[in-house]
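Participant:
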Amino acid sequence: MFKPSDDAVRSSAARTHSDKPRSKSGMTLSLKGRALRYLSAREHSRSELERKLAPHEESPGQLAQVLDDLQAKDFISEQRVADSVVHRKAARFGAARLRYELQSKGLGAQVVTDAVDALKASEFERASLIWRKKFAVPGIDGAARAKQARFLAGRGFSGDVIRRVIARLEED
């Protein structure tokens with residue numbers, strides 16, 4: 118039976134566990150290739166890409182040039198990032214939590230404000246749906262209502278919306 122030498126096993130392990138992503142052909146990816154790989158998975162903001170790609174920058178200014186090129190070709194768009202986050206998370210979270218998520222992605226203040234303002238109209242309905250999924254019956258005592266309010270607050274809903282949801286559900 119064939120048994121590979123220790124040197125062959127070590128070199129094989131070194132090749133398969135490299136810290137550099139490789140393309141299908143086995144070549145290491147360029148900075149632009151890495152950026153496109155990230156963008157093919159989901160929308161990323163410019164600041165997210167800067168953070169992820171900075172360790173792979175080989176010369177000063179190279180990363181900024183690649184990101185400028187991608188932004189000029191409309192591969193990077195703050196509005197698409199905001200729309201994507203809102204689409205994925207609006208059914209589970211309130212406006213405050215979504216504002217935090219968008220700001221943490223490094224989006225501009227106007228884009229964040231526009232996205233959050235568009236959600237304000239449906240805030241009560243979304244909070245009611247989330248509450249029904251989690252609890253189904255109103256709290257019997259103050260402790261149960263407080264627990265339900267904390268749950269909705271943790272999801273990013275405002276105090277006013279939480280009071281309206283709990284008051285309406287107690288009436289029903």
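All residue numbers for the sequence shown refer to this note's numbering, where the first residue is 118 and numbers rise by one.
Every residue, glycine too, gets a C-beta built ideally from N, C-alpha and C.
Whether or not the segment 240-250 and the segment 209-222 are in contact is what I'm after, with contact meaning three or more pairs of Cβ atoms, one per stretch, closer than 8 Å; do they touch?
Facilitator: As far as the Cβ criterion goes, the segment 209-222 touches the segment 240-250, which means the pair count is three or higher.
Participant: For the alpha helix (DSSP H) containing R249, name the first residue and the last one.
Facilitator: Looking at the DSSP string, the run of the alpha helix (DSSP H) that includes R249 is 240-251.
Participant: To the nearest angstrom, report how far apart K250 and Y217 are at their CA atoms.
Facilitator: Taking the straight line joining both Cα atoms gives about 24 Å.
Participant: May I have the straight-line CA-CA distance separating L184 from A260, to the nearest angstrom?
Facilitator: When rounded, the distance between both Cα atoms is 51 Å.
Participant: Evaluate A199 with the Cβ neighbour count: other Cβ atoms within 10 Å of its Cβ, from every protein chain shown; 16 or more gives buried, anything less gives exposed.
Facilitator: Classification of A199: buried, given that the 10 Å Cβ count is 16 or more.
Participant: Cα-Cα, which of A158, R168, H173, V229 is closest to T145?
Facilitator: Nearest of A158, R168, H173, V229 to T145, Cα basis: H173.
Participant: Measuring CB to CB, does G87 end up less than 8 Å from R214?
Facilitator: Missing from the structure shown is residue 87; the chain here goes from 118 to 289 and no further.
Participant: Roughly how many whole angstroms lie between the Cα atoms of S147 and F192?
Facilitator: Going by the C-alpha atoms only, they are around 16 Å apart.
Participant: Can you say whether K190 is buried or exposed, counting buried as having 16 or more other CB atoms within 10 angstroms of its CB?
Facilitator: The residue is exposed, with fewer than 16 neighbouring Cβ atoms inside 10 Å.
Participant: Would you tell me roughly how many angstroms separate the C-alpha atoms of A238 and S176, rounded to the nearest one?
Facilitator: Their Cα atoms are separated by approximately 48 Å.
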